[in-house]
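>
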Amino acid sequence: MEKVVSGIRPTGNLHLGNYFGAVKSFVKMQDDYDCMFFIADWHSLTTHPKPENIQQSVRTILAEYMACGIDPQKAPIYVQSDVKETLELYLFLNMNAYLGELERVTTFKEKARKQPDNVNAGLLTYPTLMAADILQHRAAKVPVGKDQEQNMEMARKCARRFNHIYGVEFFPEPQNFYFSEKALKVPGLDGSGKMGKSEGNCIYLRDDDKTITKKVMKAVTDSGPQEPNSQKPEVIENLFTFLRIASTEDTYNYFDEKWNDCTLRYGDLKKQIAADLCSIVAPIRQRIEEYSANTELLDRIAREGADRARESASATLKEVRRIVGFRS
Ligand code: TRP
146 MEKVVSGIRP
156 TGNLHLGNYF
166 GAVKSFVKMQ
176 DDYDCMFFIA
186 DWHSLTTHPK
196 PENIQQSVRT
206 ILAEYMACGI
216 DPQKAPIYVQ
226 SDVKETLELY
236 LFLNMNAYLG
246 ELERVTTFKE
256 KARKQPDNVN
266 AGLLTYPTLM
276 AADILQHRAA
286 KVPVGKDQEQ
296 NMEMARKCAR
306 RFNHIYGVEF
316 FPEPQNFYFS
326 EKALKVPGLD
336 GSGKMGKSEG
346 NCIYLRDDDK
356 TITKKVMKAV
366 TDSGPQEPNS
376 QKPEVIENLF
386 TFLRIASTED
396 TYNYFDEKWN
406 DCTLRYGDLK
416 KQIAADLCSI
426 VAPIRQRIEE
436 YSANTELLDR
446 IAREGADRAR
456 ESASATLKEV
466 RRIVGFRS
């Protein structure tokens, strides 16, 4: 089975956009690939030198991903900072990474602009740490969003350059694995494009039925269908997207007909969406609560994940040391 590795940024609780996007794809991938997931806590130091409650957010991520269906037996989850082998590869890769190319990375330039008082070396070498995350497992594929393209290009460059400098065929070039094309895009409830944390329009997997219903009932609409069989404006299309995501085809068709003959009442449509979203989220929320209460289990999952990651990384490092000319 091909190896797949992906990092998870510790950025707050999962919402429906994450769930129907990355997380469901991860859950599917764990059956088809040899997957490993990790929580990129070192990376978060590049922008947040004093992480608040990092232990707690690690447990939250573990609980939420497992509640969504990640099975650590199939796909180990580990915490980046538990696997020190990564640092040694990071050092080797940094020795062959050049200031000019690192400075040209768009995300570096953006972050340097956003935090001019903290343009630290970690920020500059973010791509080589990411390359080490991937190359230490000699992964074939990395599920990433469009925003990670340049970092992935750097990871391939690191692999290629290492092979070239030392005259070996050791690191495979990791390929981007786009799930976002196939994944469902969850719209915002405020009429805006997509559901996202920075947009402040999220339904979280931790939300209870009442909260979900309240959020859905507040969704932006218009004055209602005016002419039979007219095209739906974006805000209404968004509501129908929720039906497509959460409801049965019959339910979708029922409301679509009502739209077409101008008898649709948005209140009914929203009630239906809220009820169907609740029935998706409720069992996940319950599992999140169960896992969250079991810190012993969560800590054990992270420990076992780290053991498996270390095993894979130390085999790579042993070879790397030998190839570079150090004692292995
Ligand atoms: N840079 C990724 C992001 O911002 C997170 C990440 C760190 C990552 N290391 C990785 C993703 C390795 C994939 C593989 O989302």
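Here the sequence shown is numbered in this note's numbering, starting from 146 and rising by one per residue.
Backbone N, C-alpha and C fix where the C-beta goes; we use that ideal spot for every residue, glycine too.
Treat the numbers as computed from the prediction; the structure is a model and nothing was measured.
What I want to know is whether the C-beta of HIS188 ends up closer than 6 Å to one or more non-hydrogen atoms of ligand 1.
yes
> According to DSSP, is SER337 helix, strand or coil?
coil
> Does the region 220-234 touch the region 283-291, meaning 3 or more C-beta pairs lie closer than 8 Å?
no
> Let me check you understand the geometry: is the CB of MET275 closer than 6 Å to at least one non-hydrogen atom of ligand 1?
yes
> Closest to ARG410 by CA distance: which of GLY369, THR386, ILE429 and ALA438 is it?
GLY369
> I need the straight-line Cα distance from VAL465 to TYR349, nearest angstrom please.
43 Å
> I'd like to confirm something about ARG154: is its beta-carbon nearer than 6 Å to some heavy atom of ligand 1, or not?
yes
> Compare the C-beta of PHE165 with all C-beta atoms of chain D and state if any pair is closer than 7 Å.
Included in the structure is just one protein chain, with no chain D present.
> Measure the C-alpha to C-alpha separation of ASP335 and THR356 and round it to an integer number of angstroms.
15 Å
> Taking 6 Å as the cut-off, is the CB of VAL287 close to at least one heavy atom of ligand 1?
yes
> Buried or exposed: which applies to THR270, given that a residue is buried once 16 or more other Cβ atoms fall within 10 Å of its Cβ?
buried
> Quick one: is LYS339 buried, meaning 16 or more other Cβ sit within 10 Å of its Cβ, or exposed?
It counts as exposed.
> Please say whether ASN158 and ARG430 have beta carbons closer to each other than 7 Å?
Not in contact: ARG430 and ASN158 (Cβ atoms no closer than 7 Å).
> Whole angstroms are fine: how far does the CA of PRO217 sit from the CA of MET211?
8 Å
> Considering only the beta carbon of each residue, do VAL150 and ALA328 sit closer than 7 Å?
no
> State the DSSP-derived secondary structure class of VAL224, mapped to helix, strand or coil.
strand
> For GLY214, name the three-state secondary structure that DSSP assigns.
coil
> Taking 6 Å as the cut-off, is the C-beta of SER375 nearer than that to any heavy atom in ligand 1?
no
> Can you tell me which of the three DSSP states ASN482 falls into?
Only positions 146 to 473 of the chain appear in the structure, and residue 482 is not among them; the question remains open.
> Which first and last residues belong to the alpha helix (DSSP H) in which VAL469 is found?
440-469
> Suppose you measure from the CA of PHE237 to the CA of ASP179; what does that come to, to the nearest Å?
So the alpha carbons of these two residues sit roughly 26 Å apart.
> Just the Cα atoms here: how many angstroms apart are PHE315 and ILE433?
41 Å
> For THR273, which option in THR252, VAL361 and ALA242 has the closest C-alpha, if you only look at C-alpha atoms?
Put simply, of THR252, VAL361 and ALA242 the residue whose alpha carbon is nearest the alpha carbon of THR273 is ALA242.
> How big is the Cα-Cα spacing for MET240 and LYS415?
57 Å
> To the nearest angstrom, how far is the alpha carbon of LYS169 from that of GLU344?
Rounded to whole angstroms, LYS169 to GLU344 spans 21 Å at the Cα level.
> Hey, is SER343 close to ligand 1, as in C-beta under 6 Å from one of its heavy atoms?
no
> Which partner residues does ASP179 have in the DSSP bridge list?
LYS148
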